[in-house]
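**Student:** A single structure is presented below for examination.
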Amino acid sequence: MTKMRAITVAEAGGPELLQFTEVESPAPGAGELLVQTRAVGVNFIETYQRSGIYSVEYPFTPGGEAAGVVLEVGDGVEGYTAGDVITTAEASRTYAERFVVPADRAVRVPEGIAADVAAAIPLQGITAHYLATSAAQPRAGETVVVHAGAGGVGLLLTQLLVARGVRVFTTVSTAEKRELSLGAGAAEVFDYDDFSARARELTDGEGVAVVYDGVGARTFDDSLAALRVRGELVLFGAASGPVPPFDLQRLNAGGSLSVTRPSMGHFVRTAEERAWRYRELFAAMEAGQLDFRIGARFPLAEAAAAHQALESRATTGKVILEP
Ligand code: NDP
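End of the sequence shown sits at 323 in full-length UniProt numbering; the numbers just go up one at a time, nothing left out.
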């Protein structure tokens with residue numbers, strides 16, 4: 001059996017449990033590609049899985065996102081050969097030197113896009129795209145709030161919304177993050193403490209059409225309070241912890257509000273939908289409307305430091321692991 005190195009988590013707990021170990025290299029099944037990893041995208045979900053907020057089976061190798069070079073093509077796969085460069089957000093066990101992915105969940109990386117950028121595109125890019133176009137559909141001229149505006153999703157979502165003519169307010173925690181968010185096109189950048197009042201003030205007391213909230217527990221109540229009548233709260237994550245159960249009657253009192261809790265998987269339901277989202281992301285990059293910022297890189301062996309940085313709010317943009 002061929003060996004490779006991968007991150008393994010033996011039990012739920014802190015970042016120090018991300019151990020760099022030797023394991024068996026996977027083999028591609030029918031319809032799958034075996035890929036040599038060039039760069040791994042780190043995402044918040046892996047911290048939830050590692051810490052036990054989301055249940056997984058241990059021992060566990062995290063990772064859904066990575067870019068790399070096809071080594072072997074499984075039976076029945078058409079359209080790929082060894083040497084092709086692909087990226088995906090829909091693999092598993094990508095914190096590793098090699099990974100397998102169903103061929104229909106991979107996308108070919110256009111010429112000229114470096115491996116680290118290719119690994120940064122799928123998960124946060126597709127998420128930002130479905131948040132801007134499908135989970136809610138703010139129109140040109142409307143105002144929205146995007147929380148964690150200098151984060152991976154936050155920077156991309158801001159750029160995509162601004163390109164559609166939407167006025168974007170964001171929240172961030174530091175002066176450096178404020179500058180980054182403004183650079184992505186935010187019209188105003190707020191502190192978490194008073195964003196709700198500030199957003200209402202700057203919309204003539206009306207409130208905003210949509211709040212995109214990936215922060216969760218810390219922001220949820222104020223996010224509801226920032227909405228206009230018939231506004232929509234898109235709760236897409238829980239970086240500060242999960243939102244406790246709440247009384248639906250509050251949606252009525254707030255002005256016939258809506259709350260949705262979307263996941264990326266539900267917005268790439270067909271090959272056509274997936275292809276459409278990637279096509280639009282690549283086109284926005286080519287048009288200079290979308291910049292994928294790599295905020296931090298770590299060797300694969302130092303995945304623990306990458307999780308620590310993400311969870312302690314020390315990162316901006318995308319965090320990458322390199323084998
Ligand atoms: P980010 O790069 O945005 O990192 C999280 C950011 O959240 C931090 O940098 C920090 O920004 C902010 N934050 C606020 N409070 C806290 C806290 N208590 N602890 C940690 N961070 C905090 O991560 P991602 O872009 O990868 O993900 C953003 C959110 O989107 C996450 O909740 C993630 O789970 C979710 N997500 C959801 C998907 C879906 O389909 N539903 C898909 C992808 C991501 P600051 O310092 O400025 O406050």
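Just so you know, even glycine gets a beta-carbon here, dropped at the ideal spot from N, CA and C.
What are the boundary residues of the beta strand (DSSP E) that Val146 is part of?
**Tutor:** From DSSP, the beta strand (DSSP E) with Val146 extends over Thr143 to Val146.
**Student:** Unbroken beta strand (DSSP E) runs of length 3 or more, entirely within the stretch 27-86: which are they?
**Tutor:** Listed in chain order, the complete beta strand (DSSP E) runs (minimum 3 residues) inside the stretch 27-86 are 32-42 and 65-73.
**Student:** Assuming contact is defined by CB atoms lying nearer than 8 Å, are Ala296 and Thr315 in contact in what I supplied?
**Tutor:** Result yes, Cβ atoms of Ala296 and Thr315 sit closer than 8 Å.
**Student:** What do you reckon, is the C-beta of Pro262 under 7 Å from a heavy atom of the ligand NDP?
**Tutor:** Yes, the beta carbon of Pro262 sits closer than 7 Å to at least one heavy atom of the ligand NDP.
**Student:** Mapping the DSSP letters down to three states, classify Tyr95 as helix, strand or coil.
**Tutor:** Residue state, collapsed to three classes: coil.
**Student:** CB of Arg93 to nearest heavy atom of the ligand NDP: below 7 Å?
**Tutor:** No, the beta carbon of Arg93 sits no closer than 7 Å to any heavy atom of the ligand NDP.
**Student:** Alpha carbon to alpha carbon, how far is Ala132 from Asp193? Give it in angstroms, no decimals.
**Tutor:** Distance between the alpha carbons of Asp193 and Ala132: 25 Å.
**Student:** For Pro323, collect the residues of the same chain with a Cβ closer than 7 Å to its Cβ; drop the 5 residues on either side in sequence, then sort them by chain order.
**Tutor:** Hits under 7 Å: Thr37, Glu97 and Leu300.
**Student:** Cβ of Phe20 versus every heavy atom of the ligand NDP: is any distance shorter than 7 Å?
**Tutor:** Checking the Cβ of Phe20 against the ligand NDP gives no.
**Student:** I'd like to know whether the C-beta atoms of Leu17 and Glu11 end up nearer to each other than 8 Å.
**Tutor:** For Leu17 and Glu11, yes; Cβs fall inside 8 Å.
**Student:** Do the CB positions of Pro262 and Val210 come within less than 8 Å of each other?
**Tutor:** No. Outside cutoff.
**Student:** Tell me, please, whether the stretch 174-185 touches the stretch 138-151 by the rule of three or more beta-carbon pairs shorter than 8 Å.
**Tutor:** Touching, per the Cβ criterion.
**Student:** Quick one: residues in its chain with C-beta nearer than 8 Å to the C-beta of Ala305, no 5 flanking neighbours on either side, listed in chain order?
**Tutor:** Pro15 and Phe298, listed in sequence order.
**Student:** Quick check on the burial criterion: 16 or more other C-beta atoms within 10 angstroms. Buried or exposed for Pro244?
**Tutor:** The residue is exposed, with fewer than 16 neighbouring Cβ atoms inside 10 Å.
**Student:** Just verifying my parser: in three-state terms, what is the DSSP assignment at Glu11?
**Tutor:** Correct three-state label for Glu11: coil.
**Student:** Below 7 Å, is the gap between the Cβ of Ser240 and the nearest heavy atom of the ligand NDP?
**Tutor:** Yes, the ligand NDP has a heavy atom inside 7 Å of this Cβ.
**Student:** Would you be able to state if there are at least three C-beta pairs under 8 Å between the stretch 60-68 and the stretch 41-50?
**Tutor:** Yes, since at least three Cβ pairs between the stretch 41-50 and the stretch 60-68 fall closer than 8 Å, the two stretches touch.
**Student:** Roughly how many angstroms lie between the CA atoms of Gly13 and Val319, to the nearest whole one?
**Tutor:** Gly13 and Val319: Cα-Cα distance of roughly 20 Å.
**Student:** Confirm, please, whether the CB-CB distance from Val189 to Asp213 is below 8 Å.
**Tutor:** Their beta carbons are not under 8 Å apart, which means Asp213 does not touch Val189 by this criterion.
**Student:** DSSP puts Pro299 in a beta bridge; with which residues?
**Tutor:** Paired residue(s): Glu322.
**Student:** Would you mind reading off the limits of the beta strand (DSSP E) that contains Tyr212?
**Tutor:** Note, Tyr212: beta strand (DSSP E), Val208 to Asp213.
**Student:** By how many angstroms is the C-alpha of Gln249 removed from the C-alpha of Ala118?
**Tutor:** If I take the Cα positions, the gap works out to 44 Å.
**Student:** Is Glu311 close to the ligand NDP? I mean its beta-carbon at under 7 Å from any heavy atom of the ligand.
**Tutor:** At least one heavy atom of the ligand NDP is nearer than 7 Å to the Cβ of Glu311, so yes.
**Student:** I'd like to confirm something about Ser134: is its beta-carbon nearer than 7 Å to some heavy atom of the ligand NDP, or not?
**Tutor:** Flag unset: Cβ of Ser134 not near the ligand NDP.
**Student:** Identify which residue in Thr21, Phe220, Gly255 and Val109 has its Cα closest to the Cα of Val70.
**Tutor:** Measuring from the Cα of Val70, the nearest candidate turns out to be Val109.
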